[in-house]
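One structure below.
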């Protein structure tokens, strides 16, 4: 919302409507949020505004680079989609979908998209998740191995497997991806 600026000279053509009190404001400084923004010249509703969001239509903005191409500022790119319960449109762009203003995920997959860090190639190893597994013994080296491999398969980038001294050799031979450390000795 803080990135939006109206063109010079258009302020006299704007009015703000607050539905709860059925009040109209001709000066932006006087408006009560949430409100709707309207063009007084043609009557077109331009936007819905609340404390931290301005919901509007992208064609109302000029994003020209001067080279005939459009370049959207990062602040204008969506971070999630909001739908009602009877979703009629499916958007497959990798962004999470919510039933309301970013509060209730539409599906468990949308919840995971919202909490999992984006793997966009700009981060370094370990920023998308570090996991520590503690367990195992000379007789039970498989359980910590499988727990560690499962964590790596679902997106953890660094995995520290802390196990018994007797289990470090077998676990290290299972997979070079695991960082295995001996932290205790199994005494029988």
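Residue numbers (this note's numbering): 30 to 217.
Every residue gets a Cβ at the ideal spot worked out from N, C-alpha and C, and that includes glycine.
Return the CA-CA distance between residue i and residue j, expressed in angstroms with no decimal places.
i	j	result
residue 86	residue 43	16 Å
residue 204	residue 133	39 Å
residue 77	residue 41	18 Å
residue 62	residue 80	7 Å
residue 69	residue 50	20 Å
residue 206	residue 154	13 Å
residue 202	residue 111	48 Å
Under 6 Å Cβ to Cβ from residue i, same chain only, skipping five residues before and after it: list those, please.
i	result
residue 208	189
residue 180	160 and 188
residue 109	124, 125, 127 and 131
residue 176	162
residue 219	Nothing can be reported for residue 219: it is not among the residues displayed for the chain, which extend from 30 to 217.
Would you give the residue range spanned by the beta strand (DSSP E) that residue i belongs to?
i	result
residue 161	159 to 163
residue 228	Outside the displayed range of the chain (30 to 217) lies residue 228, so it cannot be described from this structure.
residue 69	That residue, residue 69, is in no beta strand (DSSP E); it is neither H nor E in DSSP.
residue 43	43 to 47
Apply the 10 Å Cβ neighbour rule to residue i and answer buried if 16 or more other Cβ atoms are within range, or exposed otherwise.
i	result
residue 137	exposed
residue 192	buried
residue 183	exposed
residue 196	buried
residue 107	exposed
residue 212	exposed
residue 60	buried
residue 174	buried
residue 72	exposed
residue 139	buried
Between which residues of its own chain and residue i is the CB-CB distance below 7 Å, once the five residues before and five after are set aside?
i	result
residue 199	170
residue 46	53, 64, 65 and 67
residue 172	164 and 165
residue 178	204
Under a CB-based cut-off of 8 Å, is residue i close to chain C?
i	result
residue 169	Checking the listed chains, one finds no chain C in this structure; it contains a single protein chain.
In terms of residue numbering, what span does the alpha helix (DSSP H) encompassing residue i cover?
i	result
residue 151	Counting along the chain, residue 151 falls outside any alpha helix (DSSP H), and DSSP gives it neither H nor E.
residue 182	171 to 182
Given residue i, which residues of its chain have a CB within under 8 Å of its CB, disregarding the five upstream and five downstream residues?
i	result
residue 32	102, 104 and 105
residue 214	193, 194 and 195
residue 35	43
Looking only at DSSP bridge pairs, what is residue i linked to?
i	result
residue 210	191
residue 13	Given that the chain is displayed from residue 30 to residue 217, the structure contains no residue 13 and the question cannot be resolved.
residue 85	76
residue 134	127
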